[in-house]
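Asker: Let me give you the structure first, and then I'll get to my questions.
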Amino acid sequence: MTMIFPKDFLWGGATAANQCEGAYQADGKGLSIQDFMPDGIIKGPSEKIEERNLKLIGIDFYHHYKEDIKMFAEMGFKVYRMSIAWSRIFPNGDDETPNESGLAFYDKVFDECLKYGIEPLVTLSHYETPYNLAKKYDGWRDRRLIGFFEKYVRTVFTRYKGKVKYWLTFNEINSVWHFPLMGAGVLTPREKLSKADSYQIAHHELVASALAVKIGHEIDSDNKIGCMVLGLVSYPRTCNPDDVIATMEEGRRGLFFTDVHMRGKYPSYTMKMLERENIHTDMEEGDLEILKNTCDFLSFSYYMSKCIANNPEDYEKGKGNLTTGVKNPYLKESEWGWQIDPQGLRYLLNMYYERYEKPLFIVENGLGAVDELVLTETGEYTVEDDYRIAYLKDHLAEVWKAIHLDGVDVMGYTSWGCIDLVSASTAEMKKRYGFIYVDRNNDGSGSLKRYPKKSFYWYKDLIKANGIID
Ligand code: BGP
Numbered sequence: 001m002t003m004i005f006p007k008d009f010l011w012g013g014a015t016a017a018n019q020c021e022g023a024y025q026a027d028g029k030g031l032s033i034q035d036f037m038p039d040g041i042i043k044g045p046s047e048k049i050e051e052r053n054l055k056l057i058g059i060d061f062y063h064h065y066k067e068d069i070k071m072f073a074e075m076g077f078k079v080y081r082m083s084i085a086w087s088r089i090f091p092n093g094d095d096e097t098p099n100e101s102g103l104a105f106y107d108k109v110f111d112e113c114l115k116y117g118i119e120p121l122v123t124l125s126h127y128e129t130p131y132n133l134a135k136k137y138d139g140w141r142d143r144r145l146i147g148f149f150e151k152y153v154r155t156v157f158t159r160y161k162g163k164v165k166y167w168l169t170f171n172e173i174n175s176v177w178h179f180p181l182m183g184a185g186v187l188t189p190r191e192k193l194s195k196a197d198s199y200q201i202a203h204h205e206l207v208a209s210a211l212a213v214k215i216g217h218e219i220d221s222d223n224k225i226g227c228m229v230l231g232l233v234s235y236p237r238t239c240n241p242d243d244v245i246a247t248m249e250e251g252r253r254g255l256f257f258t259d260v261h262m263r264g265k266y267p268s269y270t271m272k273m274l275e276r277e278n279i280h281t282d283m284e285e286g287d288l289e290i291l292k293n294t295c296d297f298l299s300f301s302y303y304m305s306k307c308i309a310n311n312p313e314d315y316e317k318g319k320g321n322l323t324t325g326v327k328n329p330y331l332k333e334s335e336w337g338w339q340i341d342p343q344g345l346r347y348l349l350n351m352y353y354e355r356y357e358k359p360l361f362i363v364e365n366g367l368g369a370v371d372e373l374v375l376t377e378t379g380e381y382t383v384e385d386d387y388r389i390a391y392l393k394d395h396l397a398e399v400w401k402a403i404h405l406d407g408v409d410v411m412g413y414t415s416w417g418c419i420d421l422v423s424a425s426t427a428e429m430k431k432r433y434g435f436i437y438v439d440r441n442n443d444g445s446g447s448l449k450r451y452p453k454k455s456f457y458w459y460k461d462l463i464k465a466n467g468i469i470d
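Sequential numbering of the sequence shown, starting at 1, is according to our numbering.
So, in structure tokens, the structure goes:
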């Protein structure tokens with residue numbers, strides 16, 4: 001079946017600075033929490049910087065950005081989602097003045113995108129809080145981070161005015177529940193944080209996010225600023241009403257963030273819970289006013305769905321992207337155990353759209369898989385990644401249904417890791433998402449050469465046709 005997408009649909013791909021740039025100390029860049037996380041989220045932070053940390057070099061996008069953006073342009077990208085490494089701009093996070101070399105680097109990257117008519121979509125904070133802020137303030141536990149973030153966003157909104165129009169505040173802001181180190185630069189181990197601590201951290205980030213929306217709009221009224229959440233679809237494991245209620249409560253853990261961002265206030269279910277459990281969140285005068293600066297659009301990542309049961313111990317546990325539930329017996333899973341559910345994406349798009357009636361942007365989706373580089377008959381290296389093509393096609397078919405059958409307003413789609421990069425949760429190269437293969441291995445070996453995979457040509461055709469032609 002032929003599935004054509006809306007005329008101005010923004011097709012593209014997504015990356016994050018800490019997972020691809022490398023050059024972790026180049027041109028005045030400060031350290032970020034990722035430089036102390038050689039194992040991703042598997043272990044806590046390391047005491048020192050370890051060479052085995054693949055992110056220190058990443059795929060060296062810092063020195064290959066021209067070549068990479070050229071390949072994105074060849075696929076026909078309309079948009080490229082990337083992040084600014086905060087520590088390139090303010091090396092310690094709390095510096096008086098920004099680092100000019102860091103600012104100049106992103107000028108070059110944006111200019112390169114614009115040269116090909118690619119709109120940059122920029123995440124302001126993608127799991128890469130400056131390390132000094134983690135060490136000195138315990139990250140977003142400390143309210144002073146709002147001020148440091150405000151200065152940073154003011155600097156980049158001003159500098160890149162006219163070059164960047166699409167912005168996201170915090171990557172997967174709801175990850176503060178699951179991995180406060182990655183999501184909020186908090187060095188205190190998660191098990192030592194109380195529920196009140198978690199809500200306090202979340203409050204600081206939510207105020208900072210709304211403040212960024214306010215400042216971004218003041219600096220350039222053309223700016224379109226979105227929130228970004230880990231898109232979670234939870235199904236009740238059975239029709240037992242206990243499972244249904246448990247699912248509703250689990251869902252609210254994510255909806256809390258989108259509700260604040262899109263409705264501009266704390267939802268009633270959170271207010272009641274805080275009151276009932278006697279949890280006090282410190283708020284300053286003016287915070288609730290700032291939260292009223294709602295986002296222009298809602299963006300999210302989507303990889304999988306999960307099941308929720310009131311008695312999860314009765315079932316096999318699932319694996320997943322930062323958070324898990326119990327396994328769904330109807331779904332297959334990726335090599336990393338993430339359960340693949342294209343229809344969950346349609347479900348999620350509908351859920352958000354019915355709730356907020358604001359444009360949605362799918363800014364991450366894709367299949368992490370082991371790829372094998374093979375030599376073709378014509379003497380070129382490639383990867384025959386039909387499994388990736390099938391995954392993306394199945395998901396995009398559901399996006400099409402959400403748009404055409406359900407009337408959901410979807411702005412665009414940026415597939416995750418459009419070029420292979422270091423994975424976030426397991427910090428490895430072996431888990432690849434890209435249309436472009438990068439020759440780098442888990443042991444750090446490799447030439448860093450880039451090779452288009454079969455999916456590269458498939459995506460190029462899809463963008464050209466503006467949809468799926470079967
Ligand atoms: C999201 C993150 C990304 C990304 C992706 C895939 O949670 O926003 O940074 O990496 O998940 O996860 P992983 O890299 O662990 O496979």
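No residue lacks a Cβ here, since even glycine has one placed at the ideal position from N, Cα and C.
Identify whether V383 lies in helix, strand or coil by the three-state DSSP scheme.
Answerer: Reduced to three states, the DSSP call for V383 is coil.
Asker: For the candidate residues H64, R81, D94 and Y160, whose alpha-carbon lies nearest to that of L103?
Answerer: Y160
Asker: Looking at L230: is its Cβ nearer than 7 Å to the Cβ of S175?
Answerer: yes
Asker: Which of helix, strand or coil does DSSP assign to W177?
Answerer: coil
Asker: Where does F36 fall in DSSP's three states?
Answerer: helix
Asker: By how many angstroms is the C-alpha of L206 removed from the C-alpha of G139?
Answerer: So the alpha carbons of these two residues sit roughly 14 Å apart.
Asker: If you measure from the CB of G444, is any heavy atom of the ligand BGP nearer than 6 Å?
Answerer: no
Asker: Would the beta-carbon of A16 be found less than 6 Å away from any heavy atom of the ligand NAP?
Answerer: The model depicted lacks the ligand NAP and carries the ligand BGP instead.
Asker: First and last residue of the alpha helix (DSSP H) that includes G251?
Answerer: P241 to R263
Asker: What do you reckon, is the C-beta of S301 under 6 Å from a heavy atom of the ligand BGP?
Answerer: Because some heavy atom of the ligand BGP lies under 6 Å away, the Cβ of S301 counts as near it: yes.
Asker: Using only the heavy atoms of the ligand BGP, determine whether one of them is closer than 6 Å to the beta carbon of E128.
Answerer: no
Asker: Under 7 Å, do F105 and P98 count as touching if we go by C-beta distance?
Answerer: Contact: no.
Asker: If you follow the beta strand (DSSP E) that F297 is part of, which residue opens it and which one closes it?
Answerer: Residues F297 to S301.
Asker: Please determine, among K214, L232, R237 and Y235, the residue with the shortest C-alpha to C-alpha distance to G226.
Answerer: Among K214, L232, R237 and Y235, the Cα nearest to that of G226 is on K214.
Asker: Measuring only from the beta carbon, is A26 closer than 6 Å to any heavy atom that is part of the ligand BGP?
Answerer: no
Asker: Under the criterion of a Cβ to heavy atom distance below 6 Å, does S334 qualify as lining the ligand BGP?
Answerer: no
Asker: State whether the stretch 50-57 contacts the stretch 109-126, with contact taken as three or more CB pairs (one from each stretch) at a distance under 8 Å.
Answerer: no
Asker: When you measure from the CB of S425 to every non-hydrogen atom of the ligand BGP, does any distance come out below 6 Å?
Answerer: yes
Asker: Should H63 be labelled buried (16 or more other beta-carbon atoms within 10 Å of its own) or exposed?
Answerer: exposed
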